[in-house]
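These protein sequences, in sequence, are chains V and W. Letter by letter, the first sequence follows residues 12 to 474 in our numbering. Letter by letter, the second sequence follows residues 12 to 474 in our numbering. First comes the structure, then the notes that go with it.
Protein chains: 2
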Amino acid sequence: MAAQGMLLPNFYSANPLCSPSRAALLTGRLPVRNGFYTTNAHARNAYTPQEIVGGISQDEILLPVMLKNKDYVSKIVGKWHLGHRPQYLPLKHGFDEWFGAPNCHFGPYNNKDRPNIPVYNNTEMVGRYYEEFRINKDTAESNLTQIYLQEGLDFILRQTKAQKPFFLYWAPDATHGPVYASKSFRGKSQRGRYGDAVMELDYGVGQILSLLKSLGIDNNTFVFFTSDNGAALVSGPEGGSNGPFLCGKETTFEGGMREPAIAWWPGHIEGGSVNFQLSNVMDLYTTSLAIAGIKAPDDRVLDGLDLTPVLLNNSESLKNRPIFYYRGNELMAVRLGQYKAHYWTWSNSWEELKTGINFCPGQEVPGVTTHDQMNHTLLPVVFHLGRDPGEKYPISVLSKEYLDVMNNIAVIVKQHQKDLIPGVPQLNMCDVAVMNWAPEGCDKLGKCLKPPESNPWKCVWPH
Amino acid sequence: MAAQGMLLPNFYSANPLCSPSRAALLTGRLPVRNGFYTTNAHARNAYTPQEIVGGISQDEILLPVMLKNKDYVSKIVGKWHLGHRPQYLPLKHGFDEWFGAPNCHFGPYNNKDRPNIPVYNNTEMVGRYYEEFRINKDTAESNLTQIYLQEGLDFILRQTKAQKPFFLYWAPDATHGPVYASKSFRGKSQRGRYGDAVMELDYGVGQILSLLKSLGIDNNTFVFFTSDNGAALVSGPEGGSNGPFLCGKETTFEGGMREPAIAWWPGHIEGGSVNFQLSNVMDLYTTSLAIAGIKAPDDRVLDGLDLTPVLLNNSESLKNRPIFYYRGNELMAVRLGQYKAHYWTWSNSWEELKTGINFCPGQEVPGVTTHDQMNHTLLPVVFHLGRDPGEKYPISVLSKEYLDVMNNIAVIVKQHQKDLIPGVPQLNMCDVAVMNWAPEGCDKLGKCLKPPESNPWKCVWPH
Ligand SMILES: [Ca+2]
Ligand SMILES: [Ca+2]
């Protein structure tokens, strides 16, 4: 894919974990604006487990809604993760089709304390993980990626036959833990279960690109490959690697948010090109609209930029665009050019660490991978990510380089914070009553469960 | 180069540092056999600084000597590093030509306490580093890589015109510290001075391959790219990165000895292929002889294997071949298949660490990156390098997997140690009198310096 497209080594997610990053992808806005964050404690990562009450706000305009202006048909395949209560589901937010689940494939659950996660086909559930949709955690075997692949290929085929413009958001669960692969991929990689899952995902992407080619629509289809967060190092040998980058998922170090990213569009994007422009998942919103010839919403702040000059002309024209690294509503760090300034550092708490939860296993950079939340707002910790991609060697606060860099970054941060109007936080309240007890369609399958009484609490986000 | 050749992700140096690894490359034998080690203290890394008395033994048969059986002309360009006293120099060991220096380009020295390192053209010096061969440490500028490139290209051109088979050992000083690049590369990379040096080296390799093609001898020339040790993380932002691997140069963790490796031979080696065979620099001795149709020496143990089935047929037939990781004459670790057993662990001493010398900066794996020499010979620390390339998660000594692995590895280690006849250690004695005071040819240049009186001592190797 990279040989036929453009590699973007400075591409970022919008957040160091799943739900907020995906909300940002589909809204073109930082989680702190679109509401996908928590204020229950300082600088915490929040997402959408089954007990979450909230979801994507009705006030947000998701990408498929905008694409309707040019009659695009939209489908999401795989994990939604923007809220599982009825009003938050994909078909209420612009998608025409959905095959997949609203939450992570954790489990198996006993359906008494927690229900197994449902799998939907459009508006109705068609089964549950560990029941109709099997995942064998002992053998790490499941056909899920193959099922999701077929759903994606089928959608492409149907829209092409119908000569309809389409948007496919192919968001398979793999390689999230618990990791799995189908029988034909299990044991095939050099990298254990995780590697098998990556191989199958890679195969899936290859099948999608092949289909576009064989349908003759490759020159007319913009494809982008990336991830919503860095490898979950906390999963040990069943998680990925962030190569030279520091720490992983859940952190605002490079390992938490710098992502593999490839743009593919034969005939439009130069094959084998590499572009070092700083960019992120929110740009995909704006860029997709630009490619579709649709005007982006002008009634709100968008954090995404239009990357078409980068992709189509291989320019690096968006020179002064910063990358913001948030936990909750706290701005932890900012990157500008090659420089990154940490205003706060935190890997995770001593309490968690003592229980074996470690987002930086085997890594320890004194004063950087701190287990207390360290406030550096008066004198940020600054790295040059070119010379020091692993964030190991802070630039001396006494150097001219430091002064020059912080002069530039401080202006951008001040402006950003002055203009920022945080959205209503959606990830503060939890309640066992809202779990996936009785999703729409459960009655037809005889799979409705009785929800317990409502008893809401402020969700606890430990890191 | 990889796109036109074969990538070998499981390729190793013979030692975690320069001199022993290069001695192994040219002899096809482990440093503990060819004498490139020390017994002055337990498990120490030794090399050939200016004060070293020893060098490559007369009893070793170097690759260019063997290649003479088929009339190959051999040249080394760059750093020799197998001893700088007259009897140890390249033209005494089979090379027909040499342009370069016997030691690292450290300096500048005052020529009173230490002489600057000489640069030789064949048997005579033509100048010294920091004098005729300039290196500006402030600006990190030097033309050395360009000079070495021209020497290499010129040699290829001459031998091709003369229709002579040739062996070029292109061993430029870059990217060793102090890092430098020529003016046209300085400031060009995203990765600071180190990145610039890598870019220039990459350019150099490209020029060599281009010349082979334009001369029409690419289908008749076997080219191999690799390194003698992992990135020197101790150099901080002016050193390289070992990606997901643990620690760096000087250690027997993967970051110290796993190397980038590409084999290139259009028409013979499949372009874009990847082969996971365990292999190492000593195999290049044996493989080169096989390709040249020359019988390898049979009067001694060779550690190198013939990789032609791997390279030419993309087989992984050498399944049970182990990789040995030594410091001095101590077997620190063994890899067999995907498993690596550490018999000893040591990064470096507490004393060194306190002075800021750290071979694993930002990394700390409890019980693995130890600062005491830890003896695990009774119960080795075992990793699965496929699932855990970063050597972070030791396999439980109580598991069946551990027992199975150690059963296999123990047999191989026992046999290896039983058969091993260590060479006479060449790197035990030091003497300021042997430094590069008056290399041959110095008189013609008026650059002879007066050596101090001989006063030999047992070299101190701190790590
Ligand atoms: Ca994720
Ligand atoms: Ca080296």
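All C-beta atoms in this analysis are idealised placements derived from N, C-alpha and C, irrespective of residue type, glycine included.
Query                                                                                                                                                                                                            : Result
Roughly how many angstroms separate the alpha carbons of Asp207 (chain V) and Arg139 (chain W), rounded to a whole number?                                                                                       : 54 Å
If we define contact as Cβ-Cβ less than 8 Å, is Lys199 (chain V) a contact residue for chain W?                                                                                                                  : no
Does the segment 13 to 23 of chain W come close enough to the segment 262 to 280 of chain W to have 3 or more Cβ pairs within less than 8 Å?                                                                     : yes
Which residue wins for smallest C-alpha separation from Thr38 (chain W), given the options W:Arg202, W:Val84, W:Phe256, W:Asp294?                                                                                : W:Asp294
Relative to the C-alpha of Thr237 (chain W), which residue among W:Ala182, W:Glu265, W:Val321 is closest?                                                                                                        : W:Ala182
Please tell me whether Gln349 (chain V) has its Cβ less than 8 Å away from any Cβ of chain C.                                                                                                                    : Annotation note: the requested chain C is absent from the structure, which comprises protein chains V and W.
Give the DSSP-derived three-state secondary structure of Ile423 (chain V) in the structure shown.                                                                                                                : helix
Can you pull the chain V residues whose beta carbon is under 7 Å from the beta carbon of Tyr404 (chain W), in chain order?                                                                                       : Gly247, Pro248
Do Cys29 (chain W) and ligand 2 come close, with the Cβ less than 7 Å from some heavy atom?                                                                                                                      : yes
Which of the three DSSP states, helix, strand or coil, is assigned to Leu414 (chain V)?                                                                                                                          : helix
Would Val6 (chain W) pass as a contact of Pro405 (chain W) if the rule is Cβ separation under 8 Å?                                                                                                               : Outside the modelled stretch of chain W, which goes from 12 to 474, sits residue 6 (chain W), for which no answer is possible.
Tell me, to the nearest whole angstrom, how far the beta carbon of Leu313 (chain V) is from that of Thr297 (chain V); I am working on the premise that it is less than 8 Å.                                      : 6 Å
Over what stretch of residues does the alpha helix (DSSP H) that includes Phe166 (chain W) continue unbroken?                                                                                                    : 155 to 172
By the 7 Å beta-carbon criterion, what residues does the segment 353 to 377 of chain W contribute toward chain V?                                                                                                : Pro372, Gly373, Gln374, Glu375, Val376
Straight-line CA distance for Ile219 (chain V) to Glu375 (chain W)?                                                                                                                                              : 41 Å
Give the range of the beta strand (DSSP E) segment to which Asn132 (chain W) is assigned.                                                                                                                        : 129 to 132
Which residue or residues does DSSP assign as beta-bridge partners of Glu261 (chain W)?                                                                                                                          : The partner list for Glu261 (chain W) (beta bridge, DSSP) is empty, contrary to what the question assumes.
Using only the alpha-carbon positions, how far apart do Ile423 (chain V) and Pro333 (chain V) sit?                                                                                                               : 8 Å
With a threshold of 7 Å, establish whether the CB of His187 (chain V) neighbours any heavy atom of ligand 1.                                                                                                     : yes
Is DSSP giving Thr298 (chain V) helix, strand or coil here?                                                                                                                                                      : helix
Ligand 2 heavy atoms versus the CB of Asp239 (chain W): any closer than 7 Å?                                                                                                                                     : yes
Provide the residue(s) that pair with Met17 (chain W) in DSSP beta bridges, ordered along the chain.                                                                                                             : W:Ala274, W:Ser284
Look at the alpha carbon of Asp149 (chain W) and the alpha carbon of Pro189 (chain W), and state the distance between them as a whole number of angstroms.                                                       : 10 Å
How about Asp399 (chain W): is its C-beta nearer than 8 Å to some C-beta of chain V?                                                                                                                             : yes
Report the start-end ranges of each alpha helix (DSSP H) in the segment 438 to 467 of chain V that is 4 residues or longer and not cut off at the edges.                                                         : 453 to 456
Alpha carbons only, please: which of W:Val245, W:Gln428, W:Gln349 is nearest the one belonging to Thr366 (chain W)?                                                                                              : W:Val245
Which residues, in chain order, does the segment 255 to 278 of chain W contribute to contact with chain V at a C-beta distance below 8 Å?                                                                        : Pro255, Leu257
For Asn202 (chain V) and chain W, any beta-carbon pair shorter than 8 Å?                                                                                                                                         : In the sequence as displayed, the identity of residue 202 (chain V) is Arg instead of Asn. Closer than 8 Å: yes.
Could you tell me which uninterrupted beta strand (DSSP E) segments, each at least 3 residues in length, are contained entirely in the segment 204 to 270 of chain V, listed from first to last along the chain? : 234 to 236
Mind checking the segment 285 to 296 of chain V against chain W and listing, in chain order, the residues whose C-beta falls within less than 9 Å of any C-beta there?                                           : Phe287
Interface residues of chain W around Ser252 (chain V) at Cβ under 9 Å?                                                                                                                                           : Gly254, Pro255, Pro400, Gly401
Spell out the partners DSSP gives Leu347 (chain W) in its beta bridges.                                                                                                                                          : W:Tyr350
Could you tell me how far apart the beta carbons of Pro337 (chain V) and Leu28 (chain V) are, in whole angstroms, since I believe they sit closer than 8 Å?                                                      : A small correction: the amino acid at residue 337 (chain V) is Tyr; Pro does not occupy that position in the sequence shown. So it is not a contact: roughly 11 Å between Cβ atoms.
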